[in-house]
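Residue numbers (my numbering): -4 to 143. A virtual CB, placed ideally from N, CA and C, is assigned to each residue, including glycine. A short worksheet on the structure shown next.
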Amino acid sequence: MVESPPELGRPRFAIDSTADTHLAWFRTRLMLERTMVSWLMTSITLIGFGFAIVLIFDQLGRLARVEPPIHPLAPFHFGLLLIGTGVAALVVAGWHYQAVLRYLRHGELAALAASDAKQPAQIAVYAVTIITIFIGVFAFLAVAARIL
-4 MVESPPELGR
6 PRFAIDSTAD
16 THLAWFRTRL
26 MLERTMVSWL
36 MTSITLIGFG
46 FAIVLIFDQL
56 GRLARVEPPI
66 HPLAPFHFGL
76 LLIGTGVAAL
86 VVAGWHYQAV
96 LRYLRHGELA
106 ALAASDAKQP
116 AQIAVYAVTI
126 ITIFIGVFAF
136 LAVAARIL
């Protein structure tokens, strides 16, 4: 029988619950919040830009002295692509946010997260993420319905 090295049974690192480690944990938590807000802004921009492209080219096609485009559905498809990318990015970012938050609160880091209850900022991030996903899905369906 082969014995495993003693390093495999120990935690990866030892955590002392001091002010320094708690502040480092808090900085990591704030970095996670900033990253999620950046993903939110990027997704909102993609969804809004995709919807704007569809509306602009739809109105452009209604002008009297404009030649018909070679590919009339290309702006709709490109808008759908942008809207879908924004929604997909937001779903992946929300899943990643939850996974990292779970890692920061459990296991070896649980001692540092003892005072971290559900913060109002965290609830706001979840609410804005879910609302933005619904808006993106609604925009996607609205554009897709115009094509059909």
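Check: Looking at the structure shown, is V32 part of a helix, part of a strand, or coil, going by DSSP?
Finding: Looking up residue 32 in the sequence shown gives position 37. Correct three-state label for V32: helix.
Checklist line | Closest Cα partner of F46 within the set L77, H66 and A84 | finding: Counting from 1 along the sequence shown, the entry for residue 46 is found at position 51. Closest option to F46, Cα to Cα, is L77.
Next item on the list: Return the CA-CA distance between I128 and E62, expressed in angstroms with no decimal places.
Entry: Taking the sequence shown and counting its residues from 1, the one referred to as residue 128 is at position 133. Taking the sequence shown and counting its residues from 1, the one referred to as residue 62 is at position 67. So the alpha carbons of these two residues sit roughly 36 Å apart.
Next item on the list: Please check the pair M31 and V120, which I expect to be a contact at CB under 8 Å, by giving their CB distance rounded to whole angstroms.
Entry: Here the question's residue 31 lines up with position 36 in the sequence shown. Here the question's residue 120 lines up with position 125 in the sequence shown. Right, their Cβ atoms sit about 5 Å apart.
Check: Rounded to a whole number of angstroms, what is the C-alpha to C-alpha distance between W90 and A83?
Finding: Locating residue 90 in the sequence shown gives position 95, where the first residue counts as 1. Locating residue 83 in the sequence shown gives position 88, where the first residue counts as 1. The alpha-carbon atoms of W90 and A83 are separated by roughly 11 Å.
Next item on the list: Would you mind stating whether I42 and G81 have Cβ atoms separated by less than 7 Å?
Entry: Counting from 1 along the sequence shown, the entry for residue 42 is found at position 47. Counting from 1 along the sequence shown, the entry for residue 81 is found at position 86. Their beta carbons are under 7 Å apart, which means I42 touches G81 by this criterion.
Notebook entry, point to check: What are the boundary residues of the alpha helix (DSSP H) that G56 is part of?
Noted result: Residue 56 sits at position 61 when you count from the first residue of the sequence shown. That residue, G56, is in no alpha helix (DSSP H); it is neither H nor E in DSSP.
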